[in-house]
Every structure is written in C-alpha cells, then in structure tokens.
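Inspection log for the structure reproduced underneath, given as structure tokens.
Number of protein chains: 2
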Amino acid sequence: MHKVLINKELRRVSLVGVGLLGGSIGLALRAVGFSGVRVGVGRRESSLRKALEYEAVDEVTQDVQAGVAGAQLVILCTPISRFEPLLRQMIPGLGPGTYVTDVGSTKTEVVRLAHRLLPKSVHFVGSHPIAGSEKIGVEFARADLFDRCLCLVTPTPRTPAGTVRWVRSFWEALGAYTVTVSPQRHDAVLARVSHLPHAVATALVGLALRGSAINFAGPGFADATRIASGDPLMWTDVFRTNRRAMIRGIDQLIAELTRLRARLHRDDAQAILTWLEKGKTARDEWIAERYRKKTLPP
Amino acid sequence: MHKVLINKELRRVSLVGVGLLGGSIGLALRAVGFSGVRVGVGRRESSLRKALEYEAVDEVTQDVQAGVAGAQLVILCTPISRFEPLLRQMIPGLGPGTYVTDVGSTKTEVVRLAHRLLPKSVHFVGSHPIAGSEKIGVEFARADLFDRCLCLVTPTPRTPAGTVRWVRSFWEALGAYTVTVSPQRHDAVLARVSHLPHAVATALVGLALRGSAINFAGPGFADATRIASGDPLMWTDVFRTNRRAMIRGIDQLIAELTRLRARLHRDDAQAILTWLEKGKTARDEWIAERYRKKTLPP
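Just so you know, the protein sequences line up as chains A and B, in that order.
233 is the number that my numbering gives to position 233 of the first sequence; each next residue is one higher, with no gaps.
For my numbering, count along the second sequence from 1 and bump the result up by 1000.
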C-alpha cells in the first residue's frame, strides 16, 4: 500500500515551508523512492535556493497558488501563525481530491481553521510527526528524520476514514509509526510532554544567567535545556495556540514544585528519595520501551 | 608538573566508592600513565568484583582503614551521606601528608565535615568534576570522563595554597580544566545549573505520567528529562545538603513560570517571543563558547 502510494498515486507534492521539517520530508520522499516532483513553496528566495542546493525539493516558487496546483498532496510546514494566510492563498490552486495536511505542533486551532477555510472537495486531516530538533533551516534536514518516529494524525468526527487512512499511509511510507488521536487530546497531551518542557527549559536558562551560574553548567544542563534553542517564532505560535493547556500544565508543575519545596524544608529524606525513585523508574521504563519497540507506541 | 605528579609522587591512590565516578578515575589514571596501585574501597563485594573485572582498580578491600593506608591520595566517590562514617573509619589509616578530596555534588556541608573530622596533618580540599551521567555503576565508567570537563576545586580561607595546587594538578593530569570557587558559591551556582534542573526533570516525568501522556513523548522530552534517571540515593543527598539554595531556586523558578503564565493568559505574542528569543540566544552563546573552548571556563 505504501509503495503504491509513493510510486503511483503521488506525482507531485507541495511542501509549503522548506525548513528543517519541510526539507526533511523532501529528502525522505526521495529516499523512499518517490520519483515525482517535490515543489518547495516559500517566502524568502534565500531559503528556496538553499532547499534546491540541498536537493530537498525539485522546483521552488514564491507563488503559493501556483505552488500547490496539480499536487496530490500539500503539506504545511511553516510556523502555525502562517497557516491562515497560506490556506487562503492556496485555495484557488487546490484541485478536487487534493490531500492537505500540516506538521504543526498544536492541532485544535489548526484543524478548526482548516475545516473553516478549505472547500469540501479537499481532503484535510492534521498531522504532527514527533520529530525535529532545536536546529533551524533546511541545512539540518535529514532523510531519516521520520524513521521510526511517532506521527500523530488528528481526525475529527467528520474526517472521512479514507482521508485518515491515506495520510497515515503517507507518513508510514516515510518510516513513521502513526497513531490517531483527537486534536483536543493531542493538545492536552503535548502540552505536558513537549510545550511545558520547552517553557521550563527556557526558564532554566534564564535562571542560570543570574550570577553567571551558566558558566559552571555541564552536560546535564546542556541536555535539559537543548529544546530552549528551538525556533522562537515557531514556539511562540505553539504556546499561543495551546495557551489553556499550557496554563494548566504550569499550574500543575508549580504545585509539584511546591510539594518538593515542603519536603526539602522539613528535610524529609524518605519523601525526597521516594519521589526521585518514582521519576527514575518511570523514565527508565519509558526509555526501555522506546528501545524495545524502536518507536513510541501509545 | 602533571607528569611528575602522576608518575613520581603518586604510587598508591585509594578510591573510596567504585561506581561510575570512582571507576572512571581509576580508568583515567591508567590511561594517563599512572603505574602505581589503584585501591578500590567499597561495601559490597559484588561492586568490588565488578571494579576489578573492568580493570578500574588493581586491589579491592571492604576495610576502609586498610584501604587508605599508604595512599598519597584518597578520593571519596560515594553518595555524600556516606562521607561522615567513611571519614571516621579512614582516619587511623591516613598517614601524615595524605591528600584527601571528594567528588560530591555539594560542597559547603562536605567541606565543613572534612575540616571538622580530619587531622591537621592531612591535606583536604573539596572537588567537584562536572562530569558523570545518569548511569549507575562501574560498568559505565569511562577513561575519558574527565577529558576537558570542568572540575571545581573549593578551598576555604584556611586551605593551604599548596593543597589547592596539588589537587588541581591531579584533576588536570586527568584532562580536566580546574577552577577554584568557595564552597558557598559552588552550592549557590550548582543549585541553579544542576540541582534545580534535576528536580524539574523529575517533576516533568511525574506530570507526563498523568493520562499516559508520556507515551506521546519524543526525543525532546528524552533529553529534557535524561538527568531524572540519575541515582536517587546520590541525588537525595545532593538535595538535602543544598536545601536552602534549592528552595531559593524553586521560588525563583515558580516566579518565572508565573510571569510566563500571565503572558499566556493575556496572549501577549511579543512578550512570549522576546522571552523565548532571550533564552535561545543565551543558550546558543553558551553552547558556542563550550565548542570554542572545548571546555567550560568561568
């Protein structure tokens, strides 16, 4: 099924945004045998030129409508705040039966927007490959970025099963493991495992700057804060479109830190040890599961 | 100077505790040409046997006093709560002029304890190599663990300059970059760049367990929480012996998260972007500095 999709059904794919993710999709498509045309759509000429140089796409254009014309699949790979103008611009170019998806890190607002703007003749479902890195730009794109990565596909009750099946097959063709989840549950869950950790990493960097403490930081700090080096524009959109779940997460984290504070204040060795042991056990089990399954099943 | 120290002055080194750090010191000593005897002192026979198997030490004993006898250098490499009984046990075995140091992650209480217990004829200064990993046990020891790592040496006003010089030379012989800092400043700084990040990683794992969100976590979460897999016994001691700075750090982090919460609540795109940009810039600069100097200067 995947081979048929990549080699027969798909002849033209539009990647709207050719940074790390768009570029990696382009490279991955070629790596799995796609022989059609990969169109890169972007605003800045320099980014488009780089995408061609890195052979992440075959053609480039700054004209969104022309860029999606004739494509069987269009994937939005820009920061989320660009989605609304881009969807509006691409609509006249989208042929009936075109599949449209995105790689945005939040889904409730994105899916609502797409359903509101796109014509019924277009097949839309949201996606979120849990891949990427803190690096910015097509020069960090990798053909194997989606290999064994978890890709969440987020249908609503009105999304046709065929659309979900097709888009899942596409990601699986690139090597990903797909799971469907509602946009709302996606956002609630990702707030805790991605968006809040990102905010915390940024906060820790801020604290470490006081008194130049950061100059004494080691490899543990480097890993703990790696995500804080991510693209601020992209993450501003993520935070804003998942505000409510982020606020809930912040409140829960503050409550958790307040409990630890009390244990430290009364120097409760056993409670501190138990808390640390619970965290270690849970993380070790999760990591072991990842290694066992070589992926991240639900 | 380093070569003289390792090849001439040192003939017998006692590593009290042969886990990841003690084992790595043993392996590093051999790697830099030390041809004397490395004694491993430990409580459990199984750990001592493993240390011999991995060739991290040459001799082992469960008798602390005998284990330090005749050594020119004794290094405490156990969790901090073991230091007091170990120091008491080793005192009768320590010859005059023996250098004693430790690798504990907090220094104020440790240095106070050592000054209180050790006879004046022994040369003590605290150390903290900012190396290690979340792994536990000599099987993860590495001969290059201290290569280009920052090692903080923490004299007090009464520590003789010669003792500081000698212990710095020892760490530099293993490849480390050394900086001296008071025990109090050490603890204040490390609370922010190491102990608080550790607590936060554990808290994030706890939050991710709710509603099984952790099953949707990706590589960003894995890195952000890696340190939470560290040894709970060791970290309980670290937290307890640096309680006050930890509590201050928690309060500062809660204040920072509360400010972010307000920005999210009023959907202040510019303030969120500026905050994320500041964090990214600071971390990127720190990482660039690390790569440039291949180490972590103050």
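Quick reminder that beta carbons are idealized off the backbone N, C-alpha and C, glycines included.
- Selection B:T1274, B:L1233, B:D1102 evaluated against B:G1137 yields B:L1233 as nearest (Cα-Cα).
- For B:P1085, not one C-beta of chain A is nearer than 8 Å to its own C-beta.
- The continuous stretches of beta strand (DSSP E) do not include A:S169, which lies in the alpha helix (DSSP H) extending over residues 161–173.
- A Cβ of chain B is located within less than 8 Å of the beta carbon of A:H265.
- Against chain B, a Cβ distance below 7 Å from A:E256 picks out A1203, G1206, L1207.
- Per DSSP, the continuous alpha helix (DSSP H) segment holding A:P197 begins and ends at 196–209.
- Contact residues of the segment 166–177 of chain A toward chain B are absent (C-beta to C-beta distance below 8 Å).
- The continuous beta strand (DSSP E) containing A:R12 extends over residues 12–16.
- Across the set A:G126, A:S105, A:T106, A:V103, the C-alpha of A:G126 shows the shortest separation from the C-alpha of A:A114.
- The beta carbon of B:C1077 sits closer than 8 Å to those of L1015, V1016, G1017, V1018, G1019, L1021, G1022, I1025, D1102, V1103, all from its chain and outside the five residues before and after it, given in chain order.
- The three-state secondary structure of A:F34, taken from DSSP, is coil.
- The way I'd put it, the segment 250–259 of chain A doesn't touch the segment 221–238 of chain A; fewer than three beta-carbon pairs between them come closer than 8 Å.
- B:I1075 is bridged by DSSP to B:L1015, B:T1101.
- By DSSP's assignment, A:F124 forms a beta bridge with A:V100.
- The beta carbon of B:V1122 sits closer than 6 Å to those of L1094, T1098, V1100, all from its chain and outside the five residues before and after it, given in chain order.
- Any Cβ of chain B closer than 8 Å to the Cβ of A:K280 would place that residue at the interface, and such an atom is present.
- When B:T1281, B:D1187, B:V1041, B:A1031 are compared, the shortest CA-CA separation from B:R1243 is found for B:D1187.
- Taking B:T1225 as the centre and dropping the five residues before and after it, the same chain places the C-beta of A1201, L1204, V1205 closer than 6 Å to its C-beta, in chain order.
- B:A1262 counts as exposed, since fewer than 16 other beta carbons sit within 10 angstroms of its beta carbon.
- Judged by their CB atoms, A:F216 and B:L1190 are nearer to each other than the 8 Å cut-off.
- The beta-carbon of A:G26 is placed no less than 8 Å from the nearest beta-carbon of chain B.
- Around A:K107, the same chain offers G126, H128, T154, P183, H186, D187 as residues with beta carbons nearer than 7 Å, after the five sequence neighbours per side are excluded.
- When the beta-carbon positions are compared, A:D63 and A:V37 stay at least 8 Å from each other.
- The contact set of B:D1284 on chain A, defined by CB atoms closer than 8 Å, consists of S229 in chain order.
- DSSP places B:T1154 in the strand class (E or B) of the three-state scheme.
- Where B:V1064 is concerned, the enclosing alpha helix (DSSP H) starts and stops at 1064–1068.
- Distances from the alpha-carbon of A:E45 to those of A:A31, A:E55, A:V60 put A:V60 closest.
- The beta carbon of B:A1245 lies closer than 6 Å to those of D1187, A1188, A1191 in the same chain, with the five residues before and after it left out.
- Under DSSP, no beta-bridge partner is assigned to A:G220.
- Residue pairing by DSSP places B:T1061 opposite B:V1041 in a beta bridge.
- For B:Y1054, the three-state secondary structure derived from DSSP is coil.
- Closest in alpha carbon position to B:P1219, among A:F140, A:R290, A:W275, A:L209, is A:R290.
- Distance from B:Q1072 to B:Q1089 at the Cβ level is roughly 19 Å; contact not present, criterion being Cβ atoms closer than 8 Å.
- Assigned with DSSP and collapsed to three states, B:V1181 falls in coil, not helix or strand.
- When only Cα atoms are considered, A:F124 and B:W1286 end up about 42 Å apart.
- Secondary structure of B:P1232 (DSSP, three-state): helix.
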